[in-house]
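Protein chains in written order, with the working numbering: chain U, -9 to 381; chain S, 21 to 331.
Ideal placement from N, C-alpha and C gives every residue a C-beta, glycine not left out.
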Amino acid sequence: MAKKDKELSKDLFQPADISSDKGEELGRPEISYWKDSWNRLKKNKAAVLGLITLLFIGFMAIAGPYMNKYEFDETNYDAKNLPPRVPGIENVEWLDWLGLNGTRTVAVQGADPEDALQRGIEAFELDGIDYTHKVVREYDASRPNPDERWAEVEITFNDYEARGLEEHYYWFGTDAMGRDLFTRTWKGTQISLYIGILAAAIDMVIGVAYGGISAYYGGRVDNYMQRIIEVLVGIPNLVVVILMIILLDPGLIAITIALTITGWVGMARIVRGQILKLKSQEFVLASRTLGATDSRIINKHLIPNVTGMIIIQTMFTIPNAIFFEAFLSFIGLGLQPPLASLGTLIDDAFKSLQIYPYMLVFPAIVISLLMIAFNVLADGLRDALDPKMRE
Amino acid sequence: MSREKLLEVKNLKQYFKSGRHSVVKAVDGLTFDIYKGETFGLVGESGCGKSTTGRTIIRLYDATDGEVWFNGENVHAKKSRKELKKFNRKMQMIFQDPYASLNPRMTVKDIIAEGIDIHGLAKNDKERTERVHELLETVGLNKEHANRYPHEFSGGQRQRIGIARALAVEPEFIIADEPISALDVSIQAQVVNLLKKLQNDRGLTYLFIAHDLSMVKYISDRIGVMYFGKMVELADSDELYKNPIHPYTKSLLSAIPLPDPDYERNRKRVPYDPSMHDTSEEPEFREIKSGHWVLCTTKEFEQYKAEMENK
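In C-alpha cells form, the structure reads like this:
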C-alpha cells in the first residue's frame, strides 16, 4: 500500500475542468421514437438474429415450394419413404454423417450372417449395386429371448440406386406417399405462418380495440362487453370448431373462423387491465385538461404505454395458434390432406419416427426455429420500444 | 370588495357511488370565490376532498350539484367543442405526482408541446420547437432537455416540466394540486418560488391545494380550511394564522412543527373532537369579521364572536 502511494504522488493528478452544469447541456440529436427504437433493436444481437431467421423462414415459405420440380401434392409410390439426397453434398465423404446422400441402413436377420445378407439383397433388390454391410450379431441359441437368437446384419446402400431413381433428388426425402418433403415442409411453413400471423392480426385488431374501448369508456359499456367475453370464453374452442365443421368442410377456413371467434379474448382482457390502470394516471388527466380528444388520448397516451404488453401477448398467441392448428389436424378437424402444415407434417412423421427419423427432423427444426425466433425478437422489441432502456 | 372575481364556486357538490347503495360525499356544498391575481390556498387532511374540488372545478369530474363560474361563464354548462377548447386554454392544472403526470413514452418536447398541438398555437415545427425551448427556460430548465424522456429527470425537474406544460397554453388560472408534496424539502422551496415568480410575471391566479401548512401560508393570500368535504374556515392567511376560530383550524395549526427544541418541548397539540359542536341546527357559513368566514350554528357564532373580542 505504502509503495503504491509513492508511485501515485499528488502532482500526477489534475482537476478535470468540467463544471457541473455542463452535464445538463449535453444534448442528443433529435430522432424520432421509431428510429430510436430501431437503433436499440439493432444493438440486441439475439433479436437481430431472430429477425434474420424469421425473414429467412418467411422467404423460404414463399419461394421454397417452387425451388424444385416437385409439387407438394404430387405422389409417386415408386419413390415412397426415400431418404434425403442433396446434389453436391452427397459426394462429400466427411459429410456422410448428415445422411443427405440418399443412403439408407437397414437391419436384416437370418440364420447366420451370410443368410441375413442374402435376404437383405433379395428384399431390397441390391443385385449389381454397391453396398456395405456390418455384422451386428452371430446366431446364438443360448439367448433367452427367441427373437434375439437370429443373426443380424446392417446393410448400408444407396436407396435411389436400388430403386433405379438415380436422376431424382429429394432434398428432404419423401413421405409414405412419395411426396417431396422439401416442398411440403415449406408449404407447411407457409400455412403455419399464415395461421400464426392471422391469429396475431386478430389479436391486434379485435383484441386491442375491444379491450381498449371496454376499459376507456368503462361503466355500463365495460360491463356489457365483459359479459359478452365471458359467454365467448364459456364455449370450448373445440365445440366452436365442430359447429363450424357442420357448416363448412374441415380445413383452413374453418380454422380461420374458429380463431376469429375466440382468439382475441386473452388480448382483450390484458389490454383492458392495462388501460384501466393507465386511464386514471395523471398524465392522462393532464392531457384531458389540455382539451385532448378521446382518440388523441388513446393513440398518444394509452396505446404507446401498452405496446410492450401487446407485443408479448402477440408472441404468445402465434405459437399457440400454430399448435392449435396442429392439434386440430391431429384429431382430424383441421387441415385435410394433401394440404400440409408443420403440425400435420410432424404428426405424420411421428408415426414412423424410428424407421424414417429424417421425416420428423426437418419440420421440427423449422417449427423450433420459428418459435425461438419469435420469442427472441419479441423480447428485443419489448425492450427496444421502451425509452427507459435508452442509454 | 372592489377586487374582480375570477372564479366563483357556489354550493359545489361531488358525490361518488361506492357500491350499490352507498355514496361518498367527497365535496359537500362548497362555496368560495377566488379573486384575480391572488393565490387561494386550500388545506385539509388527506381525503377531505381538496383534490376532488380542484378536479371538479376543471371539469375532470362532472359536478353532482352546484355551479362554478369562471370569468362570468358557467363552467359545467353544456359547451360546444370550441367553447370547451377556449375554456381549456384559460384554466390549467399542475399535478401532484411528478412521476405519474408525465407520459413515459413521450419526449419532454412532445409533452410540453401537447397543448400547443391541441390548440394549434404554432404555425410550423420550427415555431413549436422555439416555444418549447422558451417554456423550458421559463421554468429553469435547459433547452437541451427537450429531447430527453421523463425518466431522465429528478422529481423537481419533472414538476417543472409539468408547469411548463400547463403554461404552454397561456392560462389565466392554474390549479396546483399538491404540486410540492411529492418533492423533498429543498426542492419544494424552488418550485414554490418558481410559481410565485410566474405569478408576478404573468399575473396568474392560483388555487393552491396542499397539506403543508407552512408552505401554504408562505404562498397564499387567502386560505380555506376543508374538513370532510366542507369548508370550515376561510380568511386571509395572516388572519387565519393569528386568529383561528374553528376548533379544527386550531387543531391543524397546533400541529405545525418548528425546528426549535425549546418550542417543541412546550408545544401543545390541540385535539379536534367533532362531537364538541352544537348540533341543534345545520351549521352555516357565516362571516365573523370582514373577510373571515366560519362554519357554525347560531349559538356557536355568538360564542366565537365573544372569543374573538376577548383576544
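Checklist line | For T422/U, the nearest candidate out of P377/U, F352/U, L360/U, A374/U (CA to CA) | finding: This structure gives no information on residue 422/U, because the portion of chain U shown stretches from -9 to 381.
Item checked: Alpha carbon of L329/U to alpha carbon of L116/U, nearest angstrom -> 35 Å
Item checked: Reference Y150/U, options I312/U, L88/U, I119/U, closest by Cα -> I119/U
Checklist line | Exposure label - P327/U; buried when at least 16 CB within 10 Å | finding: exposed
Next item on the list: Would you mind giving the Cβ-Cβ distance between M251/S and L315/S, rounded to the nearest angstrom? I have them listed as a contact below 8 Å.
Entry: 7 Å
Check: Q112/S touches chain U at which residues, Cβ-Cβ below 7 Å?
Finding: T279
Note to self: Going by DSSP in three states, F193/S sits in which element: helix, strand or coil?
What the structure shows: strand
Notebook entry, point to check: Around the C-beta of Q344/U, are 16 or more other C-beta atoms found within 10 angstroms, so that it is buried, or is it exposed?
Noted result: exposed
Checklist line | Coarse secondary structure for F248/S, derived from DSSP in three states | finding: coil
Notebook entry, point to check: Does the separation of the CB atoms of E87/S and N94/S fall below 8 Å?
Noted result: yes
Check: Does the ligand MG have a heavy atom nearer than 7 Å to the CB of T164/U?
Finding: Absence of the ligand MG from the depicted structure is noted, as is the absence of any ligand whatsoever, leaving it without description.
Checklist line | Against chain U: residues of the region 217 to 238 of chain S by CB proximity under 8 Å | finding: none
Item checked: When I114/S, L272/S, Y55/S are compared against I229/S, the one with the closest alpha-carbon -> I114/S
Next item on the list: Would you be able to state if there are at least three C-beta pairs under 8 Å between the region 262 to 280 of chain U and the region 307 to 320 of chain U?
Entry: no
Next item on the list: Could you tell me whether any Cβ in chain S is nearer than 8 Å to the Cβ of L2/U?
Entry: no
Margin query: Cutting at 6 Å between CB atoms, please list the residues of its own chain near Y35/S, excluding the five before and the five after it.
Written below: V43, K45, T84
Margin query: According to DSSP, is M21/S part of a helix, a strand, or is it coil?
Written below: At M21/S the pLDDT is 45, less than 50, meaning the model places this residue with poor confidence; the figure from the coordinates comes in the next sentence. Residue state, collapsed to three classes: coil.
Margin query: Measuring alpha carbon to alpha carbon, tell me which residue in T122/U, A276/U, G324/U, A189/U is nearest D239/U.
Written below: G324/U
Next item on the list: Kindly indicate if chain U contains any beta-carbon less than 8 Å away from that of M286/S.
Entry: The question names Met, yet the displayed sequence has Asn at residue 286/S. No, N286/S lies away from the interface with chain U (no Cβ there is under 8 Å from its Cβ).
Next item on the list: Answer yes or no: does any C-beta atom of chain S fall closer than 8 Å to that of H158/U?
Entry: no
Next item on the list: Report the option in R153/U, L332/U, I336/U whose CA atom is closest to the CA atom of Y67/U.
Entry: R153/U
Next item on the list: Sort A97/U, L183/U, P77/U by Cα distance to L90/U and report the nearest one.
Entry: P77/U
Margin query: According to DSSP, is M167/U part of a helix, a strand, or is it coil?
Written below: coil
Next item on the list: Could you check if G370/U is buried or exposed, using at least 16 other CB atoms within 10 Å of its CB as the buried criterion?
Entry: buried
Next item on the list: At 9 Å on the CB atoms, spell out the chain U contacts of I132/S, in chain order.
Entry: Neighbours of I132/S on chain U: none; closest Cβ ~11 Å, over 9 Å.
Next item on the list: Say whether chain U places a C-beta atom closer than 8 Å to the C-beta of N94/S.
Entry: no
Check: In terms of residues, what are the limits of the alpha helix (DSSP H) holding G209/U?
Finding: 209 to 224
Next item on the list: Give me the Cβ distance between D170/U and Y60/U, rounded to the nearest whole Å; I'm assuming they're in contact under 8 Å.
Entry: 4 Å
Margin query: Can you pull out the residues from the region 355 to 378 of chain U whose beta carbon lies closer than 7 Å to at least one beta carbon of chain S?
Written below: P377, K378
Notebook entry, point to check: Nearest to L292/U by alpha carbon, out of I232/U, A199/U, S319/U, G241/U?
Noted result: A199/U
Margin query: So if I threshold CB-CB distances at 8 Å, which residues from the region 330 to 345 of chain U count as touching chain S?
Written below: none
Check: In chain S, what lies closer than 8 Å to E272/U by C-beta?
Finding: F115, Q116, D117, A120, S121
Next item on the list: Just the chain U side, please: which residues come within less than 7 Å of P264/S by C-beta, in chain order?
Entry: Near P264/S there are no residues of chain U at all, since even the closest Cβ is about 32 Å away, more than 7 Å.
Next item on the list: Establish whether the CB of L203/S and some CB of chain U are separated by less than 8 Å.
Entry: no
Check: Is the beta carbon of G49/S less than 8 Å from the beta carbon of K33/S?
Finding: yes
Next item on the list: Label E157/U either buried or exposed according to how many other C-beta atoms from any shown protein chain fall within 10 Å of its C-beta, with 16 as the threshold for buried.
Entry: exposed
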